[in-house]
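Residues in the sequence shown are numbered consecutively from 423, following our numbering. Please read the structure below before turning to the comments.
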Amino acid sequence: MNRWAHKLAVVGLALTVALSMALTLTLGLLSGTTGCSRRKADQQTAKGPRVDKSLMACLGAMRAYHRQADLHLARSKPAQAQEAVGQILTMKCIARPNPEIQEAVLDAYGRLARLHMQQGELDEAARWLAKGMARKGPPSFFRANLYMVHGDLLDARAGALDKAGKKEEADKLRRQSIDAFERSSKMNRQLLQEMVQ
423 MNRWAHKLAV VGLALTVALS MALTLTLGLL SGTTGCSRRK ADQQTAKGPR
473 VDKSLMACLG AMRAYHRQAD LHLARSKPAQ AQEAVGQILT MKCIARPNPE
523 IQEAVLDAYG RLARLHMQQG ELDEAARWLA KGMARKGPPS FFRANLYMVH
573 GDLLDARAGA LDKAGKKEEA DKLRRQSIDA FERSSKMNRQ LLQEMVQ
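This is the structure in structure tokens:
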């Protein structure tokens with residue numbers, strides 16, 4: 423595994439862990455009584471928690487596909503890992519407007535792009551990334567992550583240009599890569615600012 427592929431694999435694993443934590447937190451919040459007064463919480467507990475079972479099932483299935491992908495990667499089967507993550511995008515429940523589902527869909531597009539980058543399939547990575555970036559929605563963690571993936575893709579293309587002796591073109595792509603990382607950082611900073619207000 424070359425240095426670039428190893429770097430992408432580490433980032434991909436970190437994002438998978440982040441998604442797993444986000445899904446676990448989401449499932450915990452959905453089954454809890456957050457935002458209720460103590461009296462309302464007691465009443466709700468007496469009746470049983472209100473849980474959106476279809477939302478939990480959708481997120482659970484997505485998580486299982488990500489775990490399958492992890493295991494395929496551990497067995498050096500990247501095509502099967504790509505196929506597992508791709509299954510997320512065929513699920514009927516992803517049409518639901520729930521923010522949790524929409525975030526998980528953006529994550530799937532980002533992970534597919536990274537999986538293709540790890541195999542040197544930069545055009546295919548760009549195709550999945552473009553599909554994810556074309557999705558409408560508010561600023562979010564996984565939307566910001568797509569800009570990170572875009573920055574990494576531009577950097578990978580710059581590396582290929584470097585090897586071909588096209589230093590000026592490579593430098594131009596690296597400047598664009600820096601801009602993509604800045605967009606990601608700016609979106610995350612905006613989200614942090616909104617949370618503390």
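Positions of the beta carbon are idealized from the N, C-alpha and C atoms, including for glycine. In this text, all values refer to a predicted model and were calculated from it rather than measured experimentally.
DSSP three-state call for residue i: helix, strand or coil?
i: Lys469; result: helix
i: Asn520; result: coil
i: Pro500; result: helix
i: Ala602; result: helix
i: Arg611; result: helix
i: Gln619; result: coil
i: Arg509; result: Arg is not the amino acid found at residue 509; the sequence shown has Gln there. Looking at Gln509 - three-state DSSP - the assignment turns out to be helix.
i: Glu543; result: coil
i: Gly482; result: helix
In or out: residue i buried (at least 16 other Cβ within 10 Å) or exposed?
i: Gln465; result: Confidence at Gln465 is low in this model, with a pLDDT of 47, below 50, so the placement of that residue should be treated as unreliable; the coordinate-derived value is given next. Its Cβ having fewer than 16 others within 10 Å, Gln465 is exposed.
i: Glu525; result: buried
i: Gly587; result: exposed
i: Val507; result: buried
i: Gln615; result: exposed
i: Leu493; result: exposed
i: Arg557; result: exposed
i: Arg597; result: exposed
i: Ala643; result: This structure cannot settle anything about residue 643, because the visible part of the chain is limited to 423 through 619.
Measure the CB-CB distance between residue i and residue j and report whether it falls below 7 Å.
i: Ala495; j: Ala503; result: A small correction: the amino acid at residue 495 is Leu; Ala does not occupy that position in the sequence shown. Closer than 7 Å, so yes.
i: Ala530; j: Leu511; result: yes
i: Ser622; j: Leu576; result: Because the chain is modelled from 423 through 619, residue 622 falls outside the range shown and cannot be assessed.
i: Phe564; j: Leu613; result: no
i: Ala548; j: Met539; result: no
i: Leu595; j: Ala580; result: yes
i: Met609; j: Pro561; result: yes
Taking 6 Å as the cut-off, is the CB of residue i close to at least one heavy atom of the ligand ADP?
i: Asp601; result: The ligand ADP is not part of the structure shown, which contains no ligands of any sort.
Measuring CA to CA, which of the options is closest to residue i?
i: Asp601; options: Ala578, Lys585, Ala582, Gly573; result: Gly573
i: Pro519; options: Ala566, Leu477, Arg605; result: Leu477
i: Leu568; options: Lys585, Met617, Pro471, Arg536; result: Arg536
i: Lys475; options: Glu505, Cys515, Lys469, Pro500; result: Cys515
i: Gly559; options: Ile523, Glu604, Gln541; result: Ile523
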